[in-house]
Amino acid sequence: MRIALIQMPVLPDKVKNIQTACGKIREAAKNGADFAVLPEMFCCPYDNSCFGAYGEPEGGEAQTALSHLAAELGLYLVGGTVPELSEGRIYNTSYVYGPDGRQLAKHRKAHLFDIDVQGGQRFRESDTLSPGNAITTFETAFGTMGLCVCFDLRFEELARCMCLRGAKVIFVPAAFNMTTGPAHWELLFRQRAVDNQCFTVGVSPARDEQGSYVAYGNSIAVDPWGAVLCRAGAEETTLYADLDVERLEAVRAQLPILSARRTDLYEVREK
């Protein structure tokens, strides 16, 4: 199961961003990728002032381009996120397409990024965006997969619910910044992988030091033992991670975290 982690630059030009993404997805297919993963807000500068202007309704320009390309290339496509316009609201939404181009999943970011770190980053997604209300998994030829967006990964309960549904990989389009990224990015992806004995895959935009929001980059894939399989720097790049899903079962057999849970004492429940 080969994953292409596409760490691409995001410009203030939606059409150009879509073209860049499609070109990199084609390259990933040539390199044998079964899944291609784009970053959070791949077609839109990560700025509250841009979300409405760059947004699109269900079946919009970016979504249609990705759906058609997934079918053309015969791969799974985790389409980063786009600003989704729906009934007067804006959501930070990730769409997943199967090898036939059919939409397999849609996840609206559930936990909005409202932070104010003393001496660091301040950002309030809730000034513009609305939260989703779903735990998202989807089925593939490789098994069940999980999907969340950026800040969602900080909430272990959400990851555990995906895991209990059978998720072997948790895909995370994300855009950590230069305050939270160095402190927590790798730590969170490794911890969620270890907690849930699954693979985690995080894909960020490439870093633009001149942007209004400077993404950390460092797209990453981690195995169920917590080992980093690949990690980018700040640059524009595509990484490839070959995931051995049999490794997941081996780790779970050796270290029985999931099977040894004391559900007589505690339980994580889905709504």
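In terms of UniProt numbering, the sequence shown opens at residue 1 and continues consecutively.
Think of the CB as a built atom: it goes at the ideal place given N, C-alpha and C, for glycine as much as any other residue.
- DSSP places Asp242 outside any alpha helix (DSSP H); the residue lies instead in the beta strand (DSSP E), whose first and last residues are Thr237 to Asp242.
- Collapsing the DSSP output to three states places Asp114 in a strand.
- Distance from the CA atom of Thr237 to the CA atom of Asn177, rounded to whole angstroms, is 18 Å.
- For Glu40, no alpha helix (DSSP H) run applies, since DSSP gives it neither H nor E.
- Annotation: Lys14 to Arg207 spans about 17 Å, alpha carbon to alpha carbon.
- In terms of Cα proximity to Arg154, the closest of Thr200, Tyr76 and Asp127 is Thr200.
- Around Ala62, the same chain offers Ile18, Cys43, Glu56 and Val82 as residues with beta carbons nearer than 7 Å, after the five sequence neighbours per side are excluded.
- Ranked by Cα distance from Pro173, the options Cys148, Phe51 and Ala183 are led by Cys148.
- Its chain contains Pro45, Tyr46, Asp47, Phe123, Ala175 and Asn177 as the residues whose beta carbon lies nearer than 8 Å to that of Tyr213, once the 5 sequence neighbours on both sides are disregarded; these appear in chain order.
- Collapsing the DSSP output to three states places Phe171 in a strand.
- Annotated three-state conformation of Asn177 is strand, per DSSP.
- Residue state for Cys230 is assigned as strand, using DSSP reduced to three classes.
- The Cβ atoms of Lys24 and Ile3 lie no closer than 7 Å to each other.
- In this structure, Arg192 lies away from Val268, with their beta-carbon atoms at least 7 Å apart.
- For the pair Leu248 and Pro224, the CB atoms are nearer than the 7 Å cut-off.
- The straight-line gap separating the alpha-carbon atoms of Leu265 and Leu73 is approximately 48 Å.
- For Ala70, same chain residues with a beta-carbon under 6 Å away, outside a window of 5 residues either side, are Leu77, Tyr97 and Gly101 in chain order.
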